[in-house]
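S.K.: Numbering (the working numbering), first residue to last: 538 to 797.
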Amino acid sequence: MLKSRNAVVTGSTSGIGLAIARALAKEGANVMINGFGEAAAIETERAGIEADFGVKAVYSSADMTKPAEIAAMIKDAETKLGSVDILVNNAGIQFVSPIEEFPIEKWDQIIAINLSSAFHAIRAAVPGMKARKWGRIVNTASAHSLVASPFKSAYVTAKHGIAGLNKTVALELATFGVTSNCISPGYVWTPLVEKQIPDTMKARNMTKEQVINDVLLTAQPTKQFVTVDQVAALAVYLCSDAASQITGANLSMDGGWTAA
Ligand code: NAD
Numbered sequence: 538m539l540k541s542r543n544a545v546v547t548g549s550t551s552g553i554g555l556a557i558a559r560a561l562a563k564e565g566a567n568v569m570i571n572g573f574g575e576a577a578a579i580e581t582e583r584a585g586i587e588a589d590f591g592v593k594a595v596y597s598s599a600d601m602t603k604p605a606e607i608a609a610m611i612k613d614a615e616t617k618l619g620s621v622d623i624l625v626n627n628a629g630i631q632f633v634s635p636i637e638e639f640p641i642e643k644w645d646q647i648i649a650i651n652l653s654s655a656f657h658a659i660r661a662a663v664p665g666m667k668a669r670k671w672g673r674i675v676n677t678a679s680a681h682s683l684v685a686s687p688f689k690s691a692y693v694t695a696k697h698g699i700a701g702l703n704k705t706v707a708l709e710l711a712t713f714g715v716t717s718n719c720i721s722p723g724y725v726w727t728p729l730v731e732k733q734i735p736d737t738m739k740a741r742n743m744t745k746e747q748v749i750n751d752v753l754l755t756a757q758p759t760k761q762f763v764t765v766d767q768v769a770a771l772a773v774y775l776c777s778d779a780a781s782q783i784t785g786a787n788l789s790m791d792g793g794w795t796a797a
């Protein structure tokens, strides 16, 4: 379905991003993966995508806190893959703390990675998409783009911000064959969720089990985690021609969380 399309997926060495990169490759897209991690593990993932799906897969080590590296990543993808037809802004981190103790550098880092990086990547990728009159921008937002939770001030702010950026970009590009949409998952079982459990245990004085059942899955009426493959399947759909009239949307995949 996506043969001859070229995709950049930020934050795709792990979790949701990796699942999206693999799902796009499965449909025939060449992919640039990006993110941190052990060099050997990243190379195994990159080579695995090529071997499993017969597409070209390249890696960018661009740091999403650095605007110049983000612009260079898009250029690098245009050179190595030929174009950037699909941009998935997925890189993200979390930090959990009461606001009065929230470290200033963590606020800046979360706004940079979870919000500003999408602006820089979109800004760099849009000229090519407009010129070719085809493009798909998919932003991994969150249920926290629609509702808040305590102790996540920077994350909730960044995710509400990306929902606004998404709508603006959709309107600007509506006549150019380029769509922009957000996917807003509830809790997905990934390293990001696993890593925030100890801090939430501390912030709320709870056991691990209490955090999983009474904090994480409390919000999710289905009482099940979303899977990375379910998020990836929606991203693939948004990149299809069938989804050409879906733009500026913020699609929830949260087991009913934001319906409450
Ligand atoms: P993850 O920790 O598994 O993956 C995050 C990815 O981002 C990794 O590849 C990491 O290397 C990369 N990354 C982090 N900092 C970076 C930087 N400075 N530059 C480049 N890459 C960087 O997390 P995940 O759960 O897969 O999260 C992916 C996205 O999904 C995030 O935007 C997150 O906010 C969002 N999300 C996750 C959940 C969930 O429950 N896991 C729910 C809703 C939204």
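Quick reminder that beta carbons are idealized off the backbone N, C-alpha and C, glycines included.
Would DSSP call Leu683 helix, strand or coil?
M.R.: coil
S.K.: Hey, how far is the Cα of Leu710 from the Cα of Val592?
M.R.: Those two C-alpha atoms are separated by around 28 Å.
S.K.: Distance check for Val765 and Cys719, CA to CA, integer angstroms please.
M.R.: 15 Å
S.K.: With DSSP run on the structure shown, which of helix, strand or coil describes Tyr596?
M.R.: strand
S.K.: Are Val621 and Asn543 closer than 7 Å when you measure CB to CB?
M.R.: yes
S.K.: So what's Thr602 in DSSP terms, helix, strand or just coil?
M.R.: coil
S.K.: Quick check on the DSSP output: what are the complete alpha helix (DSSP H) runs of length 4 or more inside the stretch 740-795, in order along the chain?
M.R.: 765-776
S.K.: Is it a yes or a no for the stretch 574-586 touching the stretch 630-646, going by three-plus beta-carbon pairs under 8 Å?
M.R.: no
S.K.: If you draw a straight line from the C-alpha of Leu753 to the C-alpha of Gln747, how long is it?
M.R.: 9 Å
S.K.: Go through the stretch 648-713 residue by residue and report every complete run of the alpha helix (DSSP H) that reaches 4 residues or more, in order.
M.R.: Correct list: 654-669 and 690-710.
S.K.: Can you say whether Gln839 is buried or exposed, counting buried as having 16 or more other CB atoms within 10 angstroms of its CB?
M.R.: Missing from the structure shown is residue 839; the chain here goes from 538 to 797 and no further.
S.K.: Applying the criterion that 16 or more other CB atoms from any shown protein chain within 10 Å of the CB defines a buried residue, is Gln733 buried or exposed?
M.R.: buried
S.K.: For the alpha helix (DSSP H) holding Ile720, just list the boundary residues, first then last.
M.R.: No alpha helix (DSSP H) contains Ile720, which is instead part of the beta strand (DSSP E) from Val715 to Pro722.
S.K.: Is the distance from the Cβ of Ala614 to the Cβ of Met569 below 7 Å?
M.R.: yes
S.K.: To test your reading of the DSSP string, which unbroken beta strand (DSSP E) runs of 3 or more residues are found completely within the stretch 546-582?
M.R.: Within the stretch 546-582, the complete beta strand (DSSP E) segments of 3 residues or longer fall at 567-571, listed in chain order.
S.K.: Between the alpha carbons of Pro722 and Lys563, how many angstroms are there, rounded?
M.R.: 22 Å
S.K.: Measuring CB to CB, does Phe772 end up less than 7 Å from Val675?
M.R.: Position check: residue 772 holds Ala in this sequence, whereas Phe was assumed. Taking 7 Å as the Cβ cut-off, Ala772 and Val675 qualify as a contacting pair.
S.K.: Should Asp600 be counted as a contact of the ligand NAD given a C-beta to heavy atom distance under 6 Å?
M.R.: yes
S.K.: Can you list, in chain order, the residues of its chain with a C-beta nearer than 6 Å to that of Leu788? Leave out the 5 residues immediately preceding and following it.
M.R.: Ile720
S.K.: Find out if the Cβ-Cβ distance for the pair Pro604, His657 is shorter than 7 Å.
M.R.: yes
S.K.: Quick check: is any heavy atom of the ligand NAD less than 6 Å from the C-beta of Thr677?
M.R.: Relative to the ligand NAD, Thr677 has its C-beta within less than 6 Å of a heavy atom.
S.K.: How would you write the range of the beta strand (DSSP E) that Asn626 sits in, first residue to last?
M.R.: Ile623 to Asn626
S.K.: Which residues does DSSP pair with Ala544 in a beta bridge?
M.R.: Val568 and Ile623
S.K.: State yes or no: is the C-beta of Ala628 nearer than 6 Å to some heavy atom of the ligand NAD?
M.R.: yes
S.K.: Below 6 Å CB to CB, which residues in the same chain sit around His697 once its five sequence neighbours on both sides are set aside?
M.R.: Ser682
S.K.: What are the partner residues of Val725, as DSSP defines its beta bridges?
M.R.: Val763
S.K.: The ligand NAD and Gly585: does the residue's C-beta get closer than 6 Å to at least one heavy atom of that ligand?
M.R.: no
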